[in-house]
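Trainee: Residue numbers (the numbering used here): 67 to 298. Here you go, one structure.
Laid out in structure tokens, this is it:
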């Protein structure tokens with residue numbers, strides 16, 4: 067555990083969550099889709115690359131990674147593979163995605179603490195609709211998807227958009243992430259960022275303000291922080 071009572075902002079009103087690898091145990095399936103699609107072109111994409119760049123995988127990043135293998139595909143080829151990956155995931159793997167065991171209880175606990183919840187994801191709206199069940203989706207007051215912003219993570223726009231829709235200042239909210247690009251996005255938006263070591267180890271998440279092994283631990287941190295700051 068990485069408890070820091072003072073990490074919870076005074077007057078906390080909202081928590082903004084990433085999706086993949088944070089509330090959904092989805093990354094192994096995304097990675098499988100990436101690797102299978104790129105393998106059709108004789109390209110190997112390492113798991114570590116995908117985990118480290120989660121939420122911010124663009125054609126330029128992929129082109130650089132591919133060129134390091136001595137291959138020189140056109141950027142248009144990479145763009146086409148990006149589209150095929152999303153289609154492959156939706157068709158063949160989305161149905162296997164499940165929430166982490168403590169996702170629902172965590173979100174309900176935070177809601178019962180009178181906190182507004184938002185979902186900030188690089189996934190598109192159709193993907194979110196496909197993988198996120200109604201019971202969990204209805205707990206979020208705001209959902210910001212990758213196709214709703216001009217600049218994705220690590221740019222702050224996704225989190226700034228979520229804050230604007232919630233009507234909150236960054237000083238009264240915090241973010242929950244599991245990957246470096248998401249952490250940078252949240253921090254650039256002025257948010258305290260708590261990270262989960264669900265897909266990467268604590269060292270890889272060192273830019274976060276604190277790292278937790280599970281949503282349950284993270285929710286306990288928030289609850290204790292709110293209680294501590296409410297006491298005279």
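C-beta atoms are modelled at their ideal positions from N, C-alpha and C, and glycine is treated no differently. A quick note: this is a predicted structure, and the numbers were derived from the prediction, not measured.
1) Per DSSP, what kind of secondary structure is residue 165 in: helix, strand or coil?
2) List in chain order: all unbroken beta strand (DSSP E) runs of 3+ residues lying wholly within the region 257–281.
3) Less than 8 Å between C-beta atoms, sequence neighbours within five positions excluded: which residues of the same chain meet that for residue 91?
4) Since I believe residue 262 is in contact with residue 281 (beta carbons under 8 Å), could you give me their beta-carbon distance rounded to a whole number of angstroms?
5) Below 8 Å, can you find three or more Cβ-Cβ pairs linking the region 69–84 to the region 235–254?
6) Measuring straight from C-alpha to C-alpha, what distance separates residue 180 and residue 208?
7) Which residue or residues does DSSP assign as beta-bridge partners of residue 182?
8) So what does DSSP say about residue 243, is it helix, strand or coil?
9) Tell me the rounded alpha-carbon separation between residue 161 and residue 196.
10) Decide if residue 203 is buried, meaning its Cβ has at least 16 other Cβ atoms within 10 Å, or exposed.
11) Between residue 151 and the rest of its own chain, which residues show a CB-CB distance below 7 Å, the 5 nearest in sequence each way excluded?
12) So residue 211 and residue 191 are in contact, right, with Cβ under 8 Å, and what is the actual spacing, rounded?
13) Entirely within the region 75–120 and at least 4 residues each: give me those alpha helix (DSSP H) ranges in chain order.
14) With a threshold of 8 Å between beta-carbons, can residue 123 be considered close to chain C, or not?
15) Could I get the ranges of all uninterrupted beta strand (DSSP E) runs contained in the region 175–242, with 3 residues as the minimum, in chain order?
16) Among 86, 75, 254, 148, which one has its Cα closest to the Cα of residue 244?
Mentor: Result, derived from the coordinates:
1) strand
2) 258–262, 276–278
3) 163, 164, 165, 166, 264
4) 7 Å
5) yes
6) 15 Å
7) 80
8) strand
9) 8 Å
10) exposed
11) 99, 100, 103
12) 5 Å
13) 93–105, 113–118
14) Absent from the structure is chain C; it holds one protein chain and no more.
15) 182–186, 208–210
16) 86
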